[in-house]
Amino acid sequence: MQEPDWERLEEADWLFRKMVRRFVKERDRISVEGIALPGMMILHKIIREGEQRLSDLAEQLDLTSGAITALCDKLDAAGFTVRRRKEGDRRTVLLGITDKGREMFERHRDVGSACITLLFEGFGAEELNSQARAFEKVIINLDGFSEAVMEIAKRNAEPLTPGGGTEQKPKSVTTQSRYLTY
């Protein structure tokens, strides 16, 4: 089996984390009539698909339940959405959009396309296809990521028992890398 190219892996890891942090920082600076960009995504989803369960919104938009609740509180307070309990299951909360919310979204319909254009301008079709495939691979690799890393940390924390199994040679940590790793 071929040894991984650690220099390239560390560079890719560093650039990926830098990109994610920078995107979140920039995204969080955007406010449209007092509503954060993820709030605009919520409005768009309701316009496209109708009322939504808060838990479904959180899952589909990759937001925590706390984040979705905070966003929906702001949307409700601004009069852009309304919550209602589902008939037959009072535990389920549905989020719908008001006329005021539709009007606000229509006024700012170009914000979403501007975000996409600004992020990916200058890339050709082949580059965009390559990026999409790479992003799909990273998403697949993220399945079980935290569990796998926590398992490694758990194993590393266990004391070595003399003669109690095969000892693995510790992997060396690069100290001369140009990139800050974990």
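Letter 171 of the sequence shown, counting from 1, is numbered 171 in full-length UniProt numbering, and no numbers are missing.
Built from N, CA and C at the ideal position, the CB exists for glycine as well.
Predicted model only: the values in this text are computed from it and were never measured.
Query                                                                                                                                                                         : Result
For Val-20, write down the residues that DSSP places opposite it in a beta bridge.                                                                                            : For Val-20, which the question treats as bridged, DSSP gives no partner whatsoever.
Please report the Cβ distance between residue 184 and Arg-53, rounded to the nearest whole angstrom; I am assuming they are in contact, meaning their Cβ atoms lie under 8 Å. : It is not possible to answer for residue 184, since the shown part of the chain is limited to 1 through 182.
Tell me the residue span of the alpha helix (DSSP H) that contains Leu-43.                                                                                                    : 37-49
What would DSSP say about Thr-69, mapped onto helix, strand or coil?                                                                                                          : helix
Please name the residue in Phe-23, Gly-144, Arg-107 and Thr-69 whose C-alpha comes closest to that of Leu-119.                                                                : Phe-23
With burial defined as no fewer than 16 other Cβ atoms inside 10 Å of the residue's Cβ, what is the status of Leu-57: buried or exposed?                                      : buried
Give the C-beta separation of Glu-11 and Tyr-179 to the nearest angstrom, bearing in mind that I take them to be a contact with Cβ-Cβ under 8 Å.                              : 6 Å
Grouping DSSP H, G and I as helix and E and B as strand, with all else coil, what is Arg-109?                                                                                 : coil
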